[in-house]
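Asker:
Numbering (the working numbering), first residue to last: 1456 to 1570.
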């Protein structure tokens, strides 16, 4: 399956790019680095998983991506709390991570069900 055609990959790549753009001027390098790395991990693991041959490997990488979503969402919540991330932008990102997680779970179930 071509990962570039997956809506979950497109949206997660867009989220990652948005995180990079929005945090460019953030002076806390450690926080910015952790957030951008976890955000980048989401579409990267989708891409890596979808080119794997075995279903088990594809699902494993999608699960890693889903874990990166949880990590990213946690950092967004913290960023909002400490005023590093605008609350409205942060809430939109949280909503997007929730949707992406559901999309990945659905994709994982479809892959597991395919014979």
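No residue lacks a Cβ here, since even glycine has one placed at the ideal position from N, Cα and C.
1. Please return the same chain residues whose Cβ sits closer than 7 Å to the Cβ of residue 1514, not counting the five positions on each side in sequence.
2. From what residue to what residue does the alpha helix (DSSP H) around residue 1518 run?
3. Please tell me whether residue 1556 and residue 1521 are closer than 8 Å, where the distance is taken between their beta carbons.
4. For residue 1493, collect the residues of the same chain with a Cβ closer than 7 Å to its Cβ; drop the 5 residues on either side in sequence, then sort them by chain order.
5. Which residue's Cα is closest to the Cα of residue 1478: 1456, 1541, 1536, 1547?
6. Less than 8 Å between the CB atoms is what I'm expecting for residue 1569 and residue 1510, so what's the real figure, rounded?
7. Going straight from the alpha carbon of residue 1536 to that of residue 1544, what length do you get?
8. Between the alpha carbons of residue 1505 and residue 1476, how many angstroms are there, rounded?
9. Which same chain residues, not among the five before or five after residue 1495, have their C-beta less than 6 Å away from its C-beta?
10. Kindly indicate which residue of 1469, 1533, 1560 has the alpha-carbon position closest to the one of residue 1490.
Answerer: With the given structure in hand:
1. 1563, 1566, 1567
2. Residue 1518 -> alpha helix (DSSP H) spans 1510 to 1536.
3. It is a contact, given that the beta carbons lie within the stated cut-off.
4. 1523, 1526, 1527, 1530
5. 1541
6. Right, their Cβ atoms sit about 7 Å apart.
7. 13 Å
8. 27 Å
9. Excluding sequence neighbours, residue 1495 sits near 1471.
10. 1533
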